[in-house]
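Per the numbering used here, the sequence shown starts with residue 805, numbered consecutively. Here a beta-carbon is modelled for each residue, glycine too, at the ideal position from N, C-alpha and C. Bear in mind the structure is a predicted one, so any value in this text is a computation, not a measurement.
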Amino acid sequence: MDITKKITINDLPNLLIGYDTDVPTLHGSMRYINFDNAASTPTFEPIADSIKSFLQWYSNVHRGTGFKSQLSSWAFEESRDIVADFVGADLSKQVVLFTKNSTEAINKLAGRLNFEDGDIVLTSYMEHHSNELPWRRAAKVKHIGLNPDGTVNIDHFQSLLKEFKGKVKLVAITGASNVTGYINNLDYFATEAHKAGAKIMVDGAQLSPHRPVDLKPNDPNCNIDFFVFSAHKMYAPFGVGVLISDRETFELGDPDQVGGGVVDIVTLEEAYWTDLPEKEEAGTPDIVGVVALAKMIHLIQNIGWDKIIEHESELTKYALTELKKIPEVKLYGDTDPENTHNRLGVISLNVGDIPHALTAAILSYEGAIGVRSGCFCAHTYVKELMQVSDADSKLLEQQILHRDRSAIPGTIRMSFGIYNTMAEVDRFLEMIKKIAKGDYNKNYKLNKEKGEYTPKGFEFSYKDFYTL
């Protein structure tokens, strides 16, 4: 399908690769429903078609004299411009760096900011581990607390800024939670960080596929200094992450990785680094992944943000409304169906006293519905939401260290993509109601080391579906 032709939300299910795929269940083959979009996303036929078209011209980028190399170099750098435009970056002041994912992007930034002893990074209990652990290696981390509904406690944020006045060098905050879908007010956090003499780094991995982003580089108050996101959460799962930074941060000093492409000249005694962005993109980049991201950005713009937001908000409102009617369902975070304007379609829940991993297994093996269960690389946040005591937390630590994950706290998470439908939500709700009533196979076995449930006696070979 021509990506330049108008595409509507209703077109997307039929354009999604794998949308009509059947998978094995205890009740025979069923069409798979993917509600695991917060983890990663599939791609669409127009993206795959455009990549197939590009592959006939594929060659390595930069310094090649052959036509294919020159064309690939043009496509690669044109894609960089498309990414910059997507988030409102100003390439005269900022640089777009390609990495393998958001995690690598944040680690790269953490290694470059040259914190000194006593410097503090403020982050929140809401964060994905990728926006918390790298900062522990680089500086002293202080955590912003939460309100009872799982939102960031603004009063505590202000008290930390006051307590550590002059020492806070960075505020690292997620654009949107991968557990509750809550969207942070980035203008507010940026403004307050800058007032305190700090910079702000936004983890946009969850936000970017669902809401427009404007880094506002020419606004001295609420500009976002550093921003990261990943293509695999934006329906371009080909291995690319993005880090956007002011140029000055990366112009000075040595690159974190060295090798091909980062130098102007090398002698036995010296290496003279080249200019940005090549200086910070050692080796052959993921050219195909970068082009796929650019193509997906075009597809998002083709559909229109207003249509995407409207559709995902309708799915979220409907799912929350119906889930609240099921007495056994416990929802986490803001459960008001009318508050979809400041949240994404990410819903975390549990069903009665049923272990989250078992609920997820039942959905998969009996309903062909893919969700995720556990803590979603946000252990602190999930434990806060579930009000896990310090004593229980210590006990769990010891169990996990002894390879017993059977009692790890967590929820199941359903997360919407732009292609999901109301009919799919209905099938999910039907399965949740069955689980709540106990209407499911009771013959599951638990692998304590993995914390996973599988039906006893249910066997199949993955090679029957795909071979390497």
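Your pair V1150 and S981 checks out as a contact, with CB atoms roughly 7 Å apart and the cut at 8 Å. When secondary structure is reduced to three states using DSSP, A1211 falls in the coil class, being assigned neither helix nor strand. G832 has T829 as its beta-bridge partners, per DSSP. By DSSP's assignment, L974 forms a beta bridge with V925, K1003. Comparing C-alpha distances from S1219 to each of L1199, K1020, V1229 shows the shortest one belongs to V1229. With a cut-off of 8 Å on Cβ pairs, the region 1237-1244 is in contact with the region 1163-1174, counting three or more such pairs. Beta-carbon to beta-carbon, G1174 and R1231 are separated by about 12 Å, too far to satisfy the 8 Å threshold. Contact between S1034 and A1009 is confirmed by a C-beta separation of about 5 Å, below the 8 Å threshold.
Here L1148 has A980, G985, H1014 as same chain residues with Cβ atoms under 6 Å from its own Cβ, once five neighbours each way along the sequence are excluded. Distance from the CA atom of H933 to the CA atom of P817, rounded to whole angstroms, is 32 Å. In this structure H1206 does not touch G1065 by the C-beta definition: roughly 46 Å separates them, more than the 8 Å allowed. Rounded to the nearest angstrom, the Cβ distance from N1154 to K1134 is 5 Å, consistent with a contact under 8 Å. Rounded to whole angstroms, the separation of the alpha carbons of W861 and H1160 is 47 Å. By the Cβ neighbour-count rule, I1222 is buried, with 16 or more other Cβ atoms within 10 Å of its own. Listed in chain order, the non-local C-beta contacts of P1141 below 6 Å within the same chain comprise K1121, L1124, T1125, local neighbours out to five positions each way being set aside.
Between I821 and P846, the beta carbon gap of about 6 Å places them in contact (Cβ cut-off 8 Å).
For F1232, the uninterrupted alpha helix (DSSP H) run begins and ends at 1226-1241, by DSSP. Its chain contains L1200, Q1203 as the residues whose beta carbon lies nearer than 7 Å to that of A1211, once the 5 sequence neighbours on both sides are disregarded; these appear in chain order. For S844, the CB contacts under 7 Å within the same chain, skipping 5 residues up- and downstream, are H1036, K1037, P1041 in chain order. Our two residues, G1087 and G1063, have alpha carbons roughly 6 Å apart in a direct line. Counting C-beta atoms within 10 angstroms of its own C-beta, K1083 has 16 or more neighbours from the protein chains shown and is therefore classed as buried.
Spatial neighbours of E1256 in its own chain (CB-CB distance under 8 Å, excluding positions within 5 residues in sequence) are listed in chain order as A1161, A1165, L1250. Annotated as proximal: T1053 and R916, with beta-carbon spacing under 8 Å.
In this structure, A1098 is the residue among F902, L1233, A1098, D991 with its C-alpha nearest to the C-alpha of F858. Excluding the 5 residues flanking it on each side, P828 has same chain C-beta neighbours closer than 6 Å at F1264, in chain order. Annotation for L1080: V899, R1051, F1054, E1055 place their beta carbon closer than 7 Å to its own, counting only its chain and skipping 5 residues before and after.
Taking 8 Å as the cut-off, the beta carbon of N1224 is found closer than this to the beta carbon of L1119. Counting the other CB atoms within 10 Å of its CB gives G832 a total below 16, which places it among the exposed residues.
Residue state for P1259 is assigned as strand, using DSSP reduced to three classes. Y1185 sits buried, since 16 or more C-beta atoms from the chains shown fall within 10 Å of its C-beta.
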